[in-house]
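In our numbering, the protein residues as written are 847 to 1169. Just so it is clear, CB atoms sit at the ideal spot from N, CA and C, and this is done for glycine as well. These numbers come from a predicted model, not from an experiment.
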Amino acid sequence: MLHHDLQSLRIFLMACELRSISKAAERLNVALSAASRRLSLLEQELGTALVIRRPHGIEPTAAGVTMMNYARDVLRLGDSLEMRLEEHRSGIRGYVRVSASSSVLVQRLARDLSQFVQDNPQIKVNLEERPSEATVFAVLSKQADLGVIVRDSPVDGLRIIDYSGDRLAVAVPADHRFSQYPALRYSDILDEDMVALESGTATHRLLSMRANELGRPMKVRVQVRSFEVMCLMIKQGLGIGILPELAARPLSEALDIRLVTLAEPWARREYAICVRALEALEAPGSRLVEFLTSSAARDAEMEEIRSMTKRRARRQPEQSRAG
């Protein structure tokens, strides 16, 4: 059993290749006496001479040539290990556990995670869909490295990072009397039968709280677990519902249901990333957080540019008429 270290192998191999222990010591920035000592200890350990010492340098023995091949293999594996460990430290390779609410997933997180995995194929992302409340618990209890939630209430014990957002809309059957309305207040619809998400979701908590503030509890007729089933129930006339507009848009087109603006200041919801502590995240997790926040910032910038362009386009006809 060999007990040598990589530095001894490196000195031995460099000395054989340069035919000089002193040149190897200089190249590797070690003292000549230390290099000679390591080479002697290596020979003692193997019980055979590895080099022949001559007046003008050294040359490997037959055993030394075998040892050179072995040293090259071991050093290559050591360098490969160090490179892989550095990839883990820098976040290029690794594993991240993510928990997220369905609203965030449908709105944008699924798209962002898909792009992140494409850009970082050596990082495995383990994703679990949970309501925001359960996601917070998963991060606090270390079941997840990071969570993405609908930010509807203070979160104690976690670092919160702004991510993105959405707007709630009212989904109604195509033949419903509300389908032609440009916008609805929440108080306008509380007498209607509702199709709602399950009670643990951020959307359900928000709507229940706002209904209680108005003194008119929701008339929940059907509770479901997904936006898809929710829209199917609305299509069948079992009630109307409130859900994120962008998540509902493709479903509304496929099922021929109508989306009406919910004209409430609280209809705009904010998404946030939550972690126990940024500095405690391993590099792959930090890399993912940076990717998500950068992606959201780019989209927000593009949206602002589009809004400015629309405002300018609206002003131009007005200026032309004034001229």
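Three or more C-beta pairs under 8 Å: does that hold for the region 1008-1018 against the region 1057-1071? The region 1008-1018 is not in contact with the region 1057-1071.
Can you check whether the CB of Leu1078 is closer than 9 Å to the CB of Leu1101? Taking 9 Å as the Cβ cut-off, Leu1101 and Leu1078 qualify as a contacting pair.
With a Cβ-Cβ cutoff of 9 Å, do Val994 and Ser945 count as a contact? Taking 9 Å as the Cβ cut-off, Val994 and Ser945 qualify as a contacting pair.
Of the residues Met1154, Arg1158, Ser1141, which one's Cα is nearest the Cα of Asp965? Of the listed residues, the one whose Cα sits closest to Asp965 is Ser1141.
Grab me the residues of Trp1112's own chain with a C-beta within less than 8 Å of its C-beta, minus the 5 sequence neighbours each way, in chain order. Within the same chain, Trp1112 has close Cβ partners Leu1052, Arg1056.
Under 6 Å Cβ to Cβ from Arg1062, same chain only, skipping five residues before and after it: list those, please. For Arg1062, where only same-chain residues beyond five positions count, the Cβ hits under 6 Å are Leu1036.
Same chain only: Cβ atoms within 8 Å of Asn972, ignoring 5 sequence neighbours per side: Tyr941, Val942, Arg943, Val944, listed in sequence order.
Apart from the five residues on each side of it in sequence, which residues of its chain come closer than 8 Å, Cβ to Cβ, to Leu1127? Take Leu1127, set aside five residues on each side of it, and the residues of its chain with a beta-carbon closer than 8 Å to its own are Asp991, Leu992, Val1121, Val1135, in chain order.
Which residues in the same chain as Ala984 place their Cβ atom closer than 8 Å to its Cβ, once the five residues preceding and following it in sequence are excluded? Cβ within range, chain order: Ser945, Glu974, Arg976, Ala990, Gly993.
Just the Cα atoms here: how many angstroms apart are Ser866 and Arg939? Roughly 39 Å between the two C-alpha positions.
Check for me: the beta strand (DSSP E) holding Thr1107 runs from which residue to which? Start and end: 1103-1108.
Closer than 8 Å is the cut-off here; do at least three beta carbon pairs connect the region 898-913 with the region 851-870? Pairwise C-beta distances place the region 898-913 in contact with the region 851-870, as three or more of them are shorter than 8 Å.
Hey, out of Pro1090, Asp958, Phe1137, whose CA is closest to Thr1049's CA? Across the set Pro1090, Asp958, Phe1137, the C-alpha of Pro1090 shows the shortest separation from the C-alpha of Thr1049.
Along the chain, where does the alpha helix (DSSP H) that runs through Arg954 open and close? Segment: none, Arg954 is in no alpha helix (DSSP H) and carries neither H nor E.
Does the contact criterion of 3 or more C-beta pairs under 8 Å hold for the region 1092-1110 versus the region 1021-1029? Enough Cβ pairs lie closer than 8 Å, so yes.
Answer with buried or exposed for Arg1114, where buried requires no fewer than 16 other C-beta atoms within 10 angstroms of its C-beta. Exposed.
Limits of the unbroken alpha helix (DSSP H) element including Arg883: Residues 878-892.
Sort Arg1031, Asp958, Met1076, Leu1014 by Cα distance to Met1040 and report the nearest one. Answer by Cα proximity: Met1076.
One or two residues paired with Arg1067 in a DSSP bridge: The beta-bridge partner set that DSSP reports for Arg1067 is empty.
Quick check: Met1064 and Ala1042, are their CB atoms within less than 9 Å of each other? Contact: yes.
Could you tell me if Gly1003 is buried or exposed, where buried requires 16 or more neighbouring beta carbons within 10 angstroms of its beta carbon? Within 10 angstroms of the beta-carbon of Gly1003 lie fewer than 16 other beta-carbons, which makes it exposed.
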